[in-house]
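Heads up: the structure comes next, in structure tokens.
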Amino acid sequence: RETGSLCHLLPGTKPVKDNKWRAHVEKVWGLKPGTIDPKPGFHTIKMFDSLGGENDSTKPIKAMLTSTTNPAQSLPNLNKYIKGMKDAFLVVIDIFPTKTTQLADVVLPAAFLYEKGGVYGCSERRSQLTEKAVNPPGEAKPDIWIAAQIAKRMGFEKLIPWNMDDSMKANEMAWTDYITVTKDTDHSLWGATYDRLKKDKAGIQWPCPYPGHPGTYKRYVRGMDPMFEHEEFKKFFGKKIPKDAKIHFYMDKKGRGKQTSGLDLIKGLQKYLMQNIHFI
Numbered sequence: 008r009e010t011g012s013l014c015h016l017l018p019g020t021k022p023v024k025d026n027k028w029r030a031h032v033e034k035v036w037g038l039k040p041g042t043i044d045p046k047p048g049f050h051t052i053k054m055f056d057s058l059g060g061e062n063d064s065t066k067p068i069k070a071m072l073t074s075t076t077n078p079a080q081s082l083p084n085l086n087k088y089i090k091g092m093k094d095a096f097l098v099v100i101d102i103f104p105t106k107t108t109q110l111a112d113v114v115l116p117a118a119f120l121y122e123k124g125g126v127y128g129c130s131e132r133r134s135q136l137t138e139k140a141v142n143p144p145g146e147a148k149p150d151i152w153i154a155a156q157i158a159k160r161m162g163f164e165k166l167i168p169w170n171m172d173d174s175m176k177a178n179e180m181a182w183t184d185y186i187t188v189t190k191d192t193d194h195s196l197w198g199a200t201y202d203r204l205k206k207d208k209a210g211i212q213w214p215c216p217y218p219g220h221p222g223t224y225k226r227y228v229r230g231m232d233p234m235f236e237h238e239e240f241k242k243f244f245g246k247k248i249p250k251d252a253k254i255h256f257y258m259d260k261k262g263r264g265k266q267t268s269g270l271d272l273i274k275g276l277q278k279y280l281m282q283n284i285h286f287i
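Taking this note's numbering, the leading residue of the sequence shown gets 8, the next gets one more, and so forth.
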């Protein structure tokens, strides 16, 4: 999400429809103005609806690459999508055999976490670096190496200046590219350089707008969030809440709270377990 992996986002969690942000990313990446399409791509379910033209024949997707996910196990209404995965050309990057690798036309063996190193982000806004401990077995390769090789074969070699013979150096260059995109935003990681992350094993929470900044433990708190006085921050979060503002709950079409049905499910499960547990 942070690096732009969702269909409607660019790196820095800004929408692809944002003209200024597209221009900013194009400049950092050395692209000609207008290169990035302002129209979001398909979200996950739409992609699988269109895979092989099974459930949406208007724009069939003929091939798909999946990485670090197992859609043949995790998708909702799974039977609806299995035929599409069988019919399309499916490439899977993974470290273990899964339900999805069973349907794949090509499986690319990936390196495990400590066989490659790099930076990963947590849901608490923490970016943390792990270093390579051992070499990957057999033909397994780091994700960044696999992605770069595919991109080069698709004609994007000029956009990949990284030395792919040294995966850790490539990770550093990719990370520097990313934090450059986030500079001067409320999502800034400009101060979380690769060298700093090597030393700070606990990682750094964004925003971290400049070298030496400790990172932000809590957001939206005066004195703790460096973006509290930022113009972009004020524009988005500085609005007064109307006195007649309404609070919306997560409900179905009939107005029934989803959380209630969830509690009913848990209560029913507890009752079933208590009735069927045999103590020794």
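Just so you know, even glycine gets a beta-carbon here, dropped at the ideal spot from N, CA and C.
Item	Value
Residues bridged to Ile100 (per DSSP)	Ser74, Leu115
For Ile211, the residue or residues it bridges with in DSSP	Ser134
Straight-line gap, Lys90 to Ile68 (C-alpha atoms, nearest Å)	13 Å
Short Cβ contact (8 Å threshold) for Ala117 with Ala147	yes
Cross-strand partners of Gly128 (DSSP beta bridge)	Ser134
Endpoints, alpha helix (DSSP H) assigned at Glu9	Segment: none, Glu9 is in no alpha helix (DSSP H) and carries neither H nor E.
Which of helix, strand or coil DSSP assigns to Lys34	helix
Touching by the beta-carbon criterion (3+ pairs, under 8 Å), the segment 13-24 and the segment 176-191	yes
Leu204 versus Phe96 - alpha carbon distance	39 Å
Residue environment, Cys215, which counts as buried when at least 16 other CB atoms sit within 10 Å	buried
Which of helix, strand or coil DSSP assigns to Lys139	coil
Cα-Cα separation, Asp44 to Asp101	29 Å
Proximity to Lys225 [Cα-Cα], best of Asn77, Phe235, Gly219	Phe235
Coarse secondary structure for Ile43, derived from DSSP in three states	coil
Proximity to Glu179 [Cα-Cα], best of Thr105, Thr51, Gly125	Gly125
Alpha-carbon spacing of His15 relative to Thr200, whole angstroms	27 Å
Helix, strand or coil at Lys148 according to DSSP, with G and I counted as helix	strand
Three-way DSSP call (helix, strand, coil) for Pro22 in this model	strand
Status (buried if at least 16 other CB within 10 Å, exposed otherwise) for His50	exposed
Ile68 (DSSP reduced to helix, strand or coil)	strand
Rounded C-alpha distance that separates Gly11 from Phe103	26 Å
Contact belief for Ile309 with Gly219 at Cβ below 8 Å, rounded distance in angstroms	Past the boundaries of the shown model lies residue 309; the chain is included only from 8 to 287, so the question cannot be answered.
Nearest-angstrom Cα separation, counted from Leu72 out to Val32	24 Å
CA nearest to the CA of Pro78, picked from Gly145, Ile167, Asp94, Thr108	Thr108
Separation of Gln80 from Ile284, as counted between CA atoms	Note that Ile284 has pLDDT 46, beneath the 50 cutoff, so the model's placement of it is unreliable and no number is given.
Beta bridge counterpart(s) of Leu16 as assigned by DSSP	Pro22
DSSP beta-bridge partners of Leu58	Ile68
Close beta carbons around His194, own chain, < 7 Å, minus the five adjacent residues each side	Gly19, Thr20, Trp213, Pro214
6 Å Cβ shell around Val99 - same chain, five flanking residues per side excluded	Thr73, Thr107, Thr108, Ala111, Val114
Pro144 vs Lys123 beta-carbon contact at 8 Å	no
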